[in-house]
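Peer 1: Heads up: the sequence shown begins at 2 in the working numbering, then just goes up one per residue. C-beta: ideal position from N, C-alpha, C; glycine also. Sharing a structure here in structure tokens format.
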Amino acid sequence: MNKYTVRCLHCGEIHGPYSLSCRNGDDALLRAEYSARQLQPVDMPGIWRYKEWLPVQGIIEEGSGKTVTYKSEKLASELELKDLWIAFNGYWPQRDARMMTCTFKDLESFPTMQRLREQDEARIMVVASAGNTARAFSHVCSITGQPLLLIVPQESSHRLWTTHDDTSAVFLATVEGDYFDAISLAGKIASREGFVNEGGARNVARRDGMGTVMLDAVLTAGSLPDHYFQAVGSGTGGISAWEASMRLIEDGRFGSKLPRLHLAQSLPCAPLYSLKYGADAVEPECPGGMYDDVLFNRKPPYAIKGGVRDALEATGGTVYAIRNEEAAESQAVFEKEEGIDINPAAAVAVAALVKAVREGSVQPDDRIVLNITGGGQKRLMQDYPTKIIEPSVRVSAKDSHAEDMIVTMVQSVFGG
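Given below as structure tokens:
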């Protein structure tokens, strides 16, 4: 029996294991279905502990981290919650958390890279990012040597730091424009000969990798939570939590009710909030003025089959639009109570939890999982030297020659 199959959520047809979209042209996500109906962790490092529910055959042994879940005492007491669980993704050696990029995007990059290796993929992988995803893919490509073209908004390039001395596998292009401009340019280049797109939300490896946050939380706490909080840009993390929860219900040992999704975005640029509630939550100058602009995606996978809207409807979920002052206050509270620095995006999730408590959307006895999607960066930089990955080329999104310029330079570096 095959370890997994990949099925279209619209027509139900089974596709090849490495497919990204339906061959029938359905604008729907594909989903992995695993032959192992119960979750059985294996004795492997990092994320590979959950290998049986990841769409891979082998593993990348070096450099993989995993979520570390623990029951909160101090923050829980501050919020008068009795059953709050922190799913921490980052660097915190005291809790054996060792994601060397300090972001849960590592959970996407390692399974995605492993699937490419299993296909003997020699083409140059193209990744668009607002920063954290780029850092995660540069990390894994520096380990494996897979040629990588990163396309990042110029304003996000400061997030491209690394602990690796050798980053020769990484070619960084920055764009004068926003994340959507980077995505558009990356899509054009990835369609050309010699390049391959990693797939974004349509890649089951990315979604199931992020879904291991829920797996770790449920195995640690013993049951599915009543509520799940996460800050999101595209919302793919919310889809991933929903899909993982459905598998855990089918497992039969962890409960039968889906956790309610609480997804948080940052004002003034909260397109998911606007899409769900019809509110004017996106300003023309976005993504400027945000507490963390990694939480902005101009065209998230909202209305497609299996997308964010379906996840919210299935779970009775909600979306928050968080003001900067709310995020800053919540970040200070979390860091004081829990004793570790967190990334600004994670602070937005904490702010959503604070708001839910104040509004009575969660009750003191409810089981809650709070996904800290990134943390420990200040702590890591005390322990390890880091360096900024310098751009190899800078282009404007308005330049009609930008695509050709990047392709020519990349090919001169990697060949082809």
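1. Put Cys436 into one of helix, strand or coil per three-state DSSP.
2. Any idea what DSSP makes of Pro151, helix, strand or coil?
3. Counting only the same chain and skipping the five closest in sequence on each side, list residues whose C-beta sits under 7 Å from that of Lys1.
4. Pair every Cβ in the segment 403-413 with every Cβ in the segment 256-275, then say whether three or more of these pairs are closer than 8 Å.
5. Can you list the beta strand (DSSP E) stretches of 3 or more residues lying completely in the segment 321-347, in chain order?
6. So, helix, strand or coil for His159, using DSSP?
7. If you count every other CB in all the chains shown that lies within 10 Å of the CB of Ala350, and 16 or more means buried, which is it?
8. Alpha carbon to alpha carbon, what distance is there between Val295 and Cys287?
9. Quick check: Ala481 and Ala202, are their CB atoms within less than 9 Å of each other?
10. Out of Gly13, Val171, Thr113, which has the shortest C-alpha to C-alpha gap to Asp28?
11. Could you tell me the distance, in whole angstroms, from the CA atom of Asp84 to the CA atom of Pro386?
12. Among the residues of its own chain, which have a CB less than 7 Å from the CB of Ser246, if the five just before and after it don't count?
13. According to DSSP, is Phe105 part of a helix, a strand, or is it coil?
14. Within a Cβ cutoff of 6 Å, which residues of the same chain sit near His140, ignoring the five residues on either side of it in sequence?
15. Would DSSP call Ile60 helix, strand or coil?
16. Output the boundary residues of the alpha helix (DSSP H) element that contains Lys277.
17. Counting along the chain, where does the beta strand (DSSP E) carrying Trp93 start and finish?
18. Kindly give me the distance between the Cβ atoms of Ser235 and Pro301, rounded to whole angstroms, as I take these residues to be in contact under 8 Å.
19. For Ala315, count neighbouring Cβ atoms within 10 angstroms of its own Cβ and tell me buried if that reaches 16, exposed if not.
20. Curious, which full-length beta strand (DSSP E) runs of at least 3 residues does the segment 345-410 contain?
21. Let's test the definition: count the other Cβ atoms within 10 Å of the Cβ of Ala280 and tell me whether it reaches 16, buried, or not, exposed.
Peer 2: Here's the rundown:
1. Nothing can be reported for residue 436: it is not among the residues displayed for the chain, which extend from 2 to 417.
2. The amino acid occupying residue 151 in the given sequence is Leu; Pro does not appear at that position. Leu151 falls in the strand class under three-state DSSP.
3. Examination of residue 1 is not possible in this model, given that the chain is present from 2 through 417 alone.
4. Verdict: no, contact absent.
5. Listed in chain order, there is nothing to give.
6. Here His159 sits in helix by DSSP.
7. Buried, because 16 or more other Cβ atoms sit within 10 Å of the Cβ of Ala350.
8. A direct Cα-Cα distance of roughly 12 Å separates Cys287 from Val295.
9. Beyond the ends of the chain as shown, which are 2 and 417, falls residue 481; an answer cannot be given.
10. Of Gly13, Val171, Thr113, the smallest CA-CA separation from Asp28 is found for Gly13.
11. Cα-Cα distance, rounded: 37 Å.
12. Closer than 7 Å at Cβ, skipping near neighbours: Met215, Leu225, Leu259, Pro260.
13. In this structure, DSSP gives Phe105 a state outside helix and strand, which the three-state scheme calls coil.
14. Within the same chain, Thr102 come within 6 Å of His140 by CB-CB distance, once the 5 residues on both sides are set aside.
15. Coil at Ile60, not helix or strand.
16. Where Lys277 is concerned, the enclosing alpha helix (DSSP H) starts and stops at 272-278.
17. Trp93 -> beta strand (DSSP E) spans 85-93.
18. Rounded to whole angstroms, the Cβ separation of Ser235 and Pro301 is 4 Å, and the two are in contact under 8 Å.
19. Ala315 comes out exposed.
20. The beta strand (DSSP E) runs of length 3 or more contained entirely in the segment 345-410 are, from start to end of the chain, 369-376, 394-397.
21. Taking all protein chains in view, the Cβ of Ala280 is surrounded by fewer than 16 other Cβ atoms within 10 Å, so the residue is classified as exposed.
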